[in-house]
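Working notes, beginning with the structure itself.
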Amino acid sequence: MGKTLTDKAETTRRALLARINSEAPERPALEIRYGRVWNGAELASDFDVLGFAAPLVVVRRKPDGKLGSLLFRHHPRYYFAFQEHK
């Protein structure tokens, strides 16, 4: 059998995804833990989405063009913890 090619960060991403989706789903709880939180409409207003690799989304912030990433949870769908890429 041949080797299976996988994303080297897949295990880490899957663990992070499971942790994020097991946390309290209420927006106020996410805001306390991570700061600013966006829903889908707010995300589209503030960012251009460049790519997804759950639980991460790569974005460009519209006001200043800064490239960065956000974490997201699936249900309800919220985006949070913006980190600028340098």
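According to this note's numbering, the stretch in the sequence shown is residues 1 to 86, in order.
Think of the CB as a built atom: it goes at the ideal place given N, C-alpha and C, for glycine as much as any other residue.
- Collapsing the DSSP output to three states places Ala-18 in a helix.
- Phe-80 sits close to Leu-70, with the two beta carbons spaced by under 8 Å.
- Distance from the Cα of Trp-38 is smallest, within the candidate group Arg-27, Asp-48 and Leu-17, for Arg-27.
- Sequence-distant Cβ neighbours of Arg-73 in its own chain, meaning closer than 6 Å and more than five residues away, are Ile-20 and Asn-21.
- Rounded to the nearest whole angstrom, the CA to CA distance from Arg-14 to Val-57 is 14 Å.
- DSSP links Arg-73 through a beta bridge to Tyr-78.
- Closest in alpha carbon position to Phe-47, among Ala-9, Glu-84 and Lys-8, is Glu-84.
- Inclusion of Phe-82 and Arg-33 in the CB contact set at 8 Å is not warranted, their separation being larger than that value.
- Under DSSP, the beta-bridge partners assigned to Leu-67 are Arg-60.
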